[in-house]
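Note that the protein sequences, when read in sequence, are chains A and B. Using our numbering, the letters of the first sequence map in sequence onto residues 2 to 159. Using our numbering, the letters of the second sequence map in sequence onto residues 465 to 1224. Quick reminder that beta carbons are idealized off the backbone N, C-alpha and C, glycines included. What follows is a set of notes on a single structure, which appears directly below.
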Amino acid sequence: MATNISFILNGDEISYEVKDHWTLLHLLREKMGLIGTKEGCGNGECGACTVIVDKLAINSCLYLAVEADGKTIETIEGLASSDGTLHPVQQSFVDNGGIQCGFCSPGMIMSSKALLDENPGADYEQIKHALAGNICRCTGYVQILESVEAARDMGGQK
Amino acid sequence: MNELKSDLSVVGKRIPKLDASLKAMGRAEYIQDIKLPGMVYGKILYSSYAHANIIKIDTSKAVALPGVHAVLTGEDIPGKMKMGFYKDNPPIKKGKVCSFRDEVAAVAAKSPEIARKALSLIEIEYEELEGIFDPEKAMKKDSPLVHEKNKTNILKLPWKLHYGDVEKAGEKAAFTVEDRFSTTWVTHCCLGTSGAVALFDANDNLTIYTNTQIPSLAQKDFLEALKAMGLENKRARVIKPVIGGGFGSKLDTYAYEHIAILLAHKCRKPVKLTFDRQEEFKATSTRQPAIIDIRQGCDKNGKLLFRDIKMILDNGAYTSWGATTPSVMMMPVTSLYRVKNVRYSAKCVYTNNTYSQAMRGYGNPQATFAIESSMDMLAEKAGIDPIEFRRINRNHPGDVTPQKFKITTCGLDLCLDTVEKELKENNIKQKGVGIGIASLIHVGGGARIYKSDGCGAILKMDDYGKVDIFTGGTDMGQGLDNITAQIVAEELGLFAEDINVVHTDTDVCPWDVGAHASRSTFVAGNAALGAAKKVKEKLLEFGSKILDADPGDLVLRDRLIFVPGDNEKKMAIDKLLRKAHFSPGGTMLMADFFYDPDNENLGKEFKGNMSMTYTFGVHGVRVKVDVETGKVEVLEYVAAHDVGRAINPLLLEGQVYGGVVMGLGYALTEEVVHKKGKNMNANFRDYKLFTAKDAIKIKAPVLETPDKDGPFGAKGIGEPGCVPTAPAIANAIYDAVGVRIYDLPITPEKVLAALKEKNN
Chain A
2 MATNISFILN GDEISYEVKD HWTLLHLLRE KMGLIGTKEG CGNGECGACT VIVDKLAINS
62 CLYLAVEADG KTIETIEGLA SSDGTLHPVQ QSFVDNGGIQ CGFCSPGMIM SSKALLDENP
122 GADYEQIKHA LAGNICRCTG YVQILESVEA ARDMGGQK
Chain B
465 MNELKSDLSV VGKRIPKLDA SLKAMGRAEY IQDIKLPGMV YGKILYSSYA HANIIKIDTS
525 KAVALPGVHA VLTGEDIPGK MKMGFYKDNP PIKKGKVCSF RDEVAAVAAK SPEIARKALS
585 LIEIEYEELE GIFDPEKAMK KDSPLVHEKN KTNILKLPWK LHYGDVEKAG EKAAFTVEDR
645 FSTTWVTHCC LGTSGAVALF DANDNLTIYT NTQIPSLAQK DFLEALKAMG LENKRARVIK
705 PVIGGGFGSK LDTYAYEHIA ILLAHKCRKP VKLTFDRQEE FKATSTRQPA IIDIRQGCDK
765 NGKLLFRDIK MILDNGAYTS WGATTPSVMM MPVTSLYRVK NVRYSAKCVY TNNTYSQAMR
825 GYGNPQATFA IESSMDMLAE KAGIDPIEFR RINRNHPGDV TPQKFKITTC GLDLCLDTVE
885 KELKENNIKQ KGVGIGIASL IHVGGGARIY KSDGCGAILK MDDYGKVDIF TGGTDMGQGL
945 DNITAQIVAE ELGLFAEDIN VVHTDTDVCP WDVGAHASRS TFVAGNAALG AAKKVKEKLL
1005 EFGSKILDAD PGDLVLRDRL IFVPGDNEKK MAIDKLLRKA HFSPGGTMLM ADFFYDPDNE
1065 NLGKEFKGNM SMTYTFGVHG VRVKVDVETG KVEVLEYVAA HDVGRAINPL LLEGQVYGGV
1125 VMGLGYALTE EVVHKKGKNM NANFRDYKLF TAKDAIKIKA PVLETPDKDG PFGAKGIGEP
1185 GCVPTAPAIA NAIYDAVGVR IYDLPITPEK VLAALKEKNN
């Protein structure tokens, strides 16, 4: 079975015929070539595949592509400005050592952006809570949490 | 000791990781992201038993499935194609399987879905054999044999030393402790799973994209594989994509790489073989589990007199680098603190469990857990404060340890003072709250495991003041790209962003033994520095002609070449370079350098100065133990490290923080649960990693003890962060509630059981 869906992806209107069993992650990575969204586990446990759907951070590996119909989706590719300027959350991760191997970074950054969009004054505990679904093995989270706090202090949202 | 040069413009700066922007934008390409024209997908079928004879394999249905391009079984594997340190492991097994992770067949198909379907169509008849899962039982004469031809499960490895006289020293000891500690399987959990893409050109030359920490040694393994396949005198090109975490997991070559090669050769198409998370848990190698018997004694003043350690290591069914971790365990055993009389032996034993490999610390975390727990116990018995006890026995600069390690710089005293100050500052004794410390020694100036400990670098400058440096070293996220760039930029008077570090391709990068033993900053850093010095000399010589100045008076800094205080004698470096290239009889600004440190292989009785320098550290922790639930909460953590010189403090702190939290997982939560050889928790829900919710604020004081041989004084810092964490936690728990936990991880169940036993 295939279904035609329409959605807004990083500001562009998209129509796509998707198979009913495809996940949003599969559509983004395998069909549309948006490799910035990573698959770390495929079970909704690691958060590497986090994208923002209608302002909510979700695991795209557990989200069926057909559900994207009518939604507004942001992926890591849509964060930087068209002139290449990084989003403040991205820049903050870069500047504060929030990125080592980088595999968790797109998901981590999307979760952080969704949090700061919703709650621009999120405190340390709220940040920890918001990132609890994003696993990182390199940083021990210390510099990731510092990155999000620094983004918040700069007025992280755009 | 080197003086800290303070007039550096690039080294010592908190420069963000050079590839961080690319990664933040989602544009870094990992193995999962590689797609080549005509590429097909490989999948591996694993054994259904821990120990069984393979009676029959029928692949006919899989072969007949449309979209399947190749099917392999053990029968298709050339006899000489073997993997691992012992070469006891063929990429696909035939005749018999010895663990659940044994590969029994593989396919390549048009899509991953078809490949999975094809695996389900392969019919295998097994005859189950009795398995052996406990290394102590496996050592007994009547045990089932994992490899019958060996006639024993005990590996013939030489791990045995005795310096001084432990028995005699034991008689003199005023206080002695003797205990058994144990550690279990933990795994790297790289966020980017394993994988490879293999392809052959028209002349049977191999290109393989693979996550590896050892590009040059992997190339050797793959060339041997080609030879075994009858492809003599061919080329093997190893390309590293961006690596999604290493931690030692990529220090060997694996079945999936060999299988990708075999499939690619069979179907003449590029074959991509990547692991899903479950497969990553089940089919990659763990840290080596250890059973450790330790006896230590001191005199009445607290001076350590002897240390006596016996270990049994569960080797699993095959032999990778895990079996060689005793060579590193020897380091803390013989050289953490001053102790003249030392005995150590380790037996590696085959079982039908998963086989182990290198993991951050390479045996040091296991050994240090036992030693530093035992040190606290001995201090208590002798009635001496545990920090004071360590101070009495600490290593000193200039010491030569019984294993003949030459301690050059040693910041252990500084680390002890710093941690003590931090922990004792607000130490109000509360019920259920306690403090603990543990120290570490690790190699910090390379480690001569192989005949060479070398790394090459090739450096060229272009007309625009930019540098390309081709290094044998590997960046897997830890930041060698920055270290290299900052060293080169400092030497050549440029900015870090002027330096392009290429470490991805054996066709262009020089040789290196690999990203192991915390050696990259020291060894690859010195290689880069050596090449930069040669180019600098050329630049100065050329600059001296153009600017009419003595080369000795010229300075390179901030993209300029100049004589300080003389405004006439100043030129932009890029302009000078254009003159060098665009003159009659012009010259190229290029150099190569091979740095092989002056360290020694372990020789007779395992003696020899393995590393140019050693790094020390002390971790201190304050914990709160909930006596109702057994849960341990970390209230405060201080990780003080003697680092030589911080080339980049931002990245260095990142290594320490990451190491500490990996160490906390080892101490408290992480365990690959095996039931009769079967992995029972192959997912992130049941394998308990620390999450952001569990994150703690860590103080990581960077104590600089510039080393004369390190690049700008630096020592290695990749592994030390995770080495003393577990014993620091165990010691703090004892201080808090008076129970000693001997077995990792220290789960609430174990704490509760110990509390119950204590109260009875």
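Closest to residue i by CA distance: which of the options is it?
{"i": "Ala-66 of chain A", "options": "A:Tyr-17, A:Cys-105, A:Asp-96", "result": "A:Tyr-17"}
{"i": "Ala-953 of chain B", "options": "B:Gly-937, B:Val-813, B:Lys-924", "result": "B:Lys-924"}
{"i": "Ala-949 of chain B", "options": "B:Leu-726, B:Ala-992, B:Thr-938", "result": "B:Ala-992"}
{"i": "Asp-1199 of chain B", "options": "B:Gly-1007, B:Val-897, B:Asp-1038, B:Thr-1189", "result": "B:Val-897"}
{"i": "Thr-648 of chain B", "options": "B:Asp-840, B:Ile-947, B:Pro-829", "result": "B:Pro-829"}
{"i": "Leu-655 of chain B", "options": "B:Asp-598, B:Ser-713, B:Ile-1205", "result": "B:Ser-713"}
{"i": "Ile-901 of chain B", "options": "B:Leu-887, B:Ile-913, B:Val-561, B:Gln-894", "result": "B:Leu-887"}
{"i": "Ala-528 of chain B", "options": "B:Glu-493, B:Ser-584, B:Gly-1049, B:Arg-491", "result": "B:Ser-584"}
{"i": "Ala-1131 of chain B", "options": "B:Thr-1211, B:Asp-497, B:Lys-605", "result": "B:Thr-1211"}
{"i": "Gly-71 of chain A", "options": "A:Phe-8, A:Cys-47, A:Ala-151", "result": "A:Phe-8"}
Just the chain B side, please: which residues come within less than 7 angstroms of residue i by C-beta, in chain order?
{"i": "Glu-40 of chain A", "result": "Gln-496"}
Are the C-beta of residue i and some C-beta of chain A separated by less than 8 angstroms?
{"i": "Phe-959 of chain B", "result": "no"}
{"i": "Cys-653 of chain B", "result": "yes"}
{"i": "Val-1102 of chain B", "result": "no"}
{"i": "Glu-467 of chain B", "result": "Residue confidence for Glu-467 of chain B is low, a pLDDT of 48 falling below 50, so the modelled location carries little weight and cannot support an answer."}
{"i": "Pro-501 of chain B", "result": "no"}
{"i": "Val-474 of chain B", "result": "no"}
Does any residue of chain B bring its CB to less than 8 angstroms from the CB of residue i?
{"i": "Gln-127 of chain A", "result": "no"}
{"i": "Cys-50 of chain A", "result": "no"}
{"i": "Arg-138 of chain A", "result": "yes"}
{"i": "Cys-47 of chain A", "result": "yes"}
{"i": "Asn-135 of chain A", "result": "yes"}
{"i": "Ile-59 of chain A", "result": "no"}
{"i": "Ala-115 of chain A", "result": "no"}
{"i": "Ala-151 of chain A", "result": "no"}
{"i": "Ala-81 of chain A", "result": "yes"}
{"i": "Asp-124 of chain A", "result": "no"}
Taking the beta strand (DSSP E) that residue i belongs to, which residues open and close that run?
{"i": "Ala-949 of chain B", "result": "Counting along the chain, Ala-949 of chain B falls outside any beta strand (DSSP E), though it belongs to the alpha helix (DSSP H) covering 944-956."}
{"i": "Glu-642 of chain B", "result": "639-647"}
{"i": "Gln-91 of chain A", "result": "Per DSSP, Gln-91 of chain A belongs to no beta strand (DSSP E); it is in the alpha helix (DSSP H), 89-96."}
{"i": "Gly-900 of chain B", "result": "897-907"}
{"i": "Gly-920 of chain B", "result": "919-925"}
{"i": "Phe-1026 of chain B", "result": "1024-1027"}
Anything in chain B within Cβ reach of residue i, meaning under 9 angstroms, just list it in chain order.
{"i": "Leu-65 of chain A", "result": "Ordered by position in chain B, no residue passes the 9 angstroms Cβ test against Leu-65 of chain A, which lies about 17 angstroms from the chain."}
{"i": "His-130 of chain A", "result": "Ala-1156, Lys-1157"}
{"i": "Leu-87 of chain A", "result": "Ser-485, Ala-488, Met-489"}
{"i": "Glu-78 of chain A", "result": "Met-489, Gly-490, Arg-491"}
{"i": "Ile-74 of chain A", "result": "Residues of chain B passing the Cβ test: none, with the nearest at roughly 14 angstroms."}
Residue range of the alpha helix (DSSP H) that residue i falls in?
{"i": "Ser-1047 of chain B", "result": "From DSSP, Ser-1047 of chain B is part of no alpha helix (DSSP H); its letter is neither H nor E."}
{"i": "Asp-685 of chain B", "result": "679-692"}
{"i": "Ile-1205 of chain B", "result": "From DSSP, Ile-1205 of chain B is part of no alpha helix (DSSP H); its letter is neither H nor E."}
{"i": "Arg-580 of chain B", "result": "576-584"}
{"i": "Phe-597 of chain B", "result": "Where Phe-597 of chain B is concerned, there is no enclosing alpha helix (DSSP H), given that its DSSP letter is neither H nor E."}
{"i": "Gln-496 of chain B", "result": "Looking at the DSSP string, Gln-496 of chain B is not in any alpha helix (DSSP H), and its letter there is neither H nor E."}
{"i": "Ala-754 of chain B", "result": "Looking at the DSSP string, Ala-754 of chain B is not in any alpha helix (DSSP H); the run it does join, the beta strand (DSSP E), is 754-762."}
{"i": "Ser-106 of chain A", "result": "106-119"}
Please compile the residues from chain A whose C-beta is within a distance smaller than 7 angstroms of the C-beta of residue i.
{"i": "Asp-740 of chain B", "result": "Gly-43"}
{"i": "Tyr-1121 of chain B", "result": "Thr-140, Gly-141, Val-143, Gln-144"}
{"i": "Gly-900 of chain B", "result": "Within chain A, no residue comes near Gly-900 of chain B; the closest Cβ sits about 19 angstroms away, beyond 7 angstroms."}
{"i": "Val-1124 of chain B", "result": "Gly-141"}
How would you list, in chain order, the residues of chain B whose beta-carbon sits under 8 angstroms from the beta-carbon of residue i?
{"i": "Leu-28 of chain A", "result": "Near Leu-28 of chain A there are no residues of chain B at all, since even the closest Cβ is about 15 angstroms away, more than 8 angstroms."}
{"i": "Gly-37 of chain A", "result": "Met-489, Gly-490, Arg-491"}
Mind pulling the chain A residues with CB within less than 9 angstroms of residue i?
{"i": "Asn-1147 of chain B", "result": "Cys-42, Asn-44, Glu-46"}
Taking C-beta pairs closer than 8 angstroms, name the residues in chain A that residue i reaches, listed in chain order.
{"i": "Ile-707 of chain B", "result": "Cys-102"}
Task: Contacting positions in the region 93-109 of chain A - beta carbon closer than 7 angstroms to chain B - done: Phe-94, Val-95, Asp-96, Gly-98, Ile-100, Gln-101, Cys-102, Gly-103, Phe-104, Cys-105, Ser-106, Pro-107
Open item on the list: By the 9 angstroms beta-carbon criterion, what residues does the region 1104-1118 of chain B contribute toward chain A?
Closed with: Leu-1114, Leu-1115, Glu-1117, Gly-1118
Open item on the list: Short of 9 angstroms Cβ to Cβ, which residues in the region 1153-1184 of chain B face chain A?
Closed with: Leu-1153, Phe-1154, Thr-1155, Ala-1156, Lys-1157, Asp-1158, Ala-1159, Ile-1160, Lys-1161, Ile-1162, Ala-1164
Open item on the list: Tell me which residues of the region 936-950 of chain B have at least one Cβ-Cβ distance to chain A shorter than 8 angstroms, keeping chain order.
Closed with: When CB distances to chain A are screened at a threshold of 8 angstroms, the residues of the region 936-950 of chain B falling below it are Met-940, Gly-941, Gln-942, Gly-943, in chain order.
Task: Contacting positions in the region 766-787 of chain B - beta carbon closer than 9 angstroms to chain A - done: Listed by position, the residues of the region 766-787 of chain B near chain A (Cβ gap below 9 angstroms) amount to none.
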